[in-house]
Amino acid sequence: MAISCRVWRLLLALCTLGSVGMESVNAQFFNNFYTTKGCDSAEAIVTQAVTEAFNQDPSVAPALIRMLFHDCFVEGCDGSLLLDPTPQNPNVEKLALPNLSVRGYEVIDAAKMQLEKTCPRTVSCADIVALAARDAVLLTGGQHFDMPTGRLDGMVSTADNANNNLVSTRSSATELTRKFLEQGLGQDDMITLSGAHTVGKTTCGQITSRLYNFPGTTNGVDPTLDFDYALHLQQLCPQNGNPNDPVPLDPVSPNTFDNMYYTNGVTGRVLFPSDNVLFADHQTQFASNLNSQNGQFWQMKFANALVRMASNKVKLGVPNRNGEIRKNCRFTNAATGSSTNN
Ligand code: HEM
């Protein structure tokens, strides 16, 4: 059936509208955005703060990578995770259970303090978090990549939102995929981003249920865990030991951003059940195995997936009721009596 001239015109108009919409979004969110805002040194200042912190304590790098994930999954990447509790808003995101072990806030504060001296009220806290995670990947041996900027800082931060959107270590592959889909990310993004567990640490309390009294077993050990690795973990985390004792997520190269997570996963040496399912479930095991075989390929996919995650539901444009450039990353401008607009 021939499409009438009027329908063609309508389609053309819709396409034009769509591309105008995209352009106006992209016009506010691109690589080196701050050079167009008169703050050429914005990214260098963040890099310096992250590098100084890393030189003092290399464990801040994984913490900063995780911080971006936890910020982006709740209200989009808008620095909502950074907000401290106030009498008006006591139950903020950072107090939600999965966020209690998020670290590195002082690195974001240090970068912001320097940025406020150099380019006052120009660089958002949300962008600092995104740039800091990007820098942390490079500092631990991952690849360099561009991170678009132009995000505004959000005003909303609730522990409930964090509890609803962040992912549990007990999730199945289907559940993990669904949670990432809700954030506009695909299953392969989920598999790729989970490779961040190639750096950093957890605590004994998070894993003892896999090491002792595991239901349905005679030796008490989760049978999906490599047995020699389980014995090693039992030494690190004795039964009735300190639940806060640290355990590296990657037993082979805990401080290096490489694809060892996947090599470990293939042999049952990953710590969380949510890691293990990626190698056990037929939906995800092929892609996980592929990442174990090609580190370069995974590094490239990781950079792309992290940028995709960090571009999710971002607040853009001129400061408004939904987004601002905070003066202090720990408080909204209203809470510190500063104006929302620059
Ligand atoms: C897929 C679902 C995920 C679950 C269930 C999960 C869960 C966890 C848990 C429970 C910890 C240990 C926290 C602690 O004990 O202090 C952790 C650590 C970590 N996670 Fe994830 N995570 C997931 C995905 C991700 C993603 C997508 C990233 C980043 C792109 C990420 C980056 C990290 C890093 C770097 C650490 C180490 C943090 C540190 O050393 O402080 N995780 N994760």
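The sequence shown runs -27 to -1, 1 to 315 under mature numbering (1 follows the signal peptide of the UniProt record, and there is no 0). Ideal Cβ positions, reconstructed from N, Cα and C, are used throughout, including at glycine. Computed from a predicted model, the values in this text were never measured in an experiment.
Within 8 Å, strictly: CB atoms of residue i and residue j
i: alanine 99; j: glycine 52; result: yes
i: cysteine 302; j: lysine 85; result: yes
i: serine 261; j: leucine 251; result: yes
i: phenylalanine 245; j: glutamine 156; result: no
i: asparagine 285; j: glycine 77; result: no
i: alanine 276; j: phenylalanine 118; result: yes
i: leucine 55; j: isoleucine 81; result: yes
i: phenylalanine 3; j: valine 287; result: no
i: glycine 193; j: tyrosine 202; result: no
i: leucine 88; j: alanine 36; result: no
i: asparagine 138; j: cysteine 177; result: no
i: threonine 95; j: cysteine 12; result: yes
Alpha helix (DSSP H) segment containing residue i, residue limits
i: lysine 286; result: Neither: lysine 286 is in no alpha helix (DSSP H) and is coded neither H nor E.
i: lysine 152; result: 146 to 154
i: histidine 205; result: 200 to 209
i: methionine 163; result: 160 to 167
i: glutamine 1; result: No alpha helix (DSSP H) contains glutamine 1, which DSSP labels as neither H nor E.
i: glutamine 258; result: 258 to 266
i: asparagine 137; result: 132 to 138
i: phenylalanine 118; result: That residue, phenylalanine 118, is in no alpha helix (DSSP H); it is neither H nor E in DSSP.
i: asparagine 249; result: 246 to 253
i: glutamate 16; result: 15 to 29
Among the options, the one whose alpha carbon lies nearest that of residue i
i: isoleucine 298; options: Lys10, Gln272, Asn4; result: Lys10
i: lysine 174; options: Asp201, Ala278, Asn285, Tyr234; result: Tyr234
i: glycine 115; options: Val250, Gln256, Ser226; result: Ser226
i: glutamine 21; options: Gln207, Phe3, Leu111, Cys50; result: Leu111
i: alanine 278; options: Ser167, Leu88, Phe3; result: Ser167
i: asparagine 232; options: Val172, Arg76, Met163; result: Val172
i: methionine 120; options: Lys286, Leu88, Asp30, Met282; result: Met282
i: asparagine 306; options: Arg242, Val280, Thr59; result: Thr59
i: leucine 41; options: Ala169, Asn237, Ser311; result: Ala169
i: leucine 198; options: Thr181, Arg242, Thr190; result: Arg242
i: histidine 255; options: Gly189, Val33, Ala135, Ile164; result: Ile164
i: aspartate 161; options: Phe6, Leu263, Asn28; result: Leu263
i: asparagine 249; options: Thr190, Gly159, Ser144, Pro93; result: Ser144
i: glycine 238; options: Asn228, Thr257, Thr229; result: Thr257
i: glycine 230; options: Phe6, Thr113, Gly193; result: One point to set straight first is that residue 230 is phenylalanine, not glycine, in the sequence displayed. That would be Thr113, whose Cα lies nearest to the Cα of phenylalanine 230.
i: glutamine 29; options: Ile38, Thr8, Ala17, Glu79; result: Glu79
i: valine 23; options: Ala(-1), Phe6, Val102; result: Val102
Continuous beta strand (DSSP E) stretch holding residue i: start and end
i: lysine 90; result: Careful: lysine 90 lies outside any beta strand (DSSP E), inside the alpha helix (DSSP H) at 78 to 91.
i: threonine 176; result: 174 to 176
i: proline 216; result: Segment: none, proline 216 is in no beta strand (DSSP E) and carries neither H nor E.
Any chain C beta carbon closer than 8 Å to residue i
i: proline 216; result: Among the chains in the structure shown there is no chain C, since it carries only a single protein chain.
Requested in this report: For the segment 128 to 148 and the segment 56 to 68, state whether three or more C-beta atom pairs, one from each stretch, are separated by less than 8 Å.
Outcome: By the Cβ test, the segment 128 to 148 is in contact with the segment 56 to 68, since at least three Cβ pairs between them sit closer than 8 Å.
Query raised in the report: Would you call the segment 205 to 220 and the segment 139 to 153 touching, i.e. three or more CB-CB distances under 8 Å?
Result: Output reads no: the segment 139 to 153 does not touch the segment 205 to 220.
Report task. Mind the definition here: the segment 72 to 82 touches the segment 202 to 212 only if three or more C-beta pairs lie below 8 Å; say whether that holds. Result -> Output reads no: the segment 202 to 212 does not touch the segment 72 to 82.
Query raised in the report: Would you say the segment 117 to 126 touches the segment 283 to 299, given that touching needs at least three Cβ pairs under 8 Å?
Result: Below 8 Å, enough C-beta pairs join the segment 117 to 126 and the segment 283 to 299 to call them touching: three or more.
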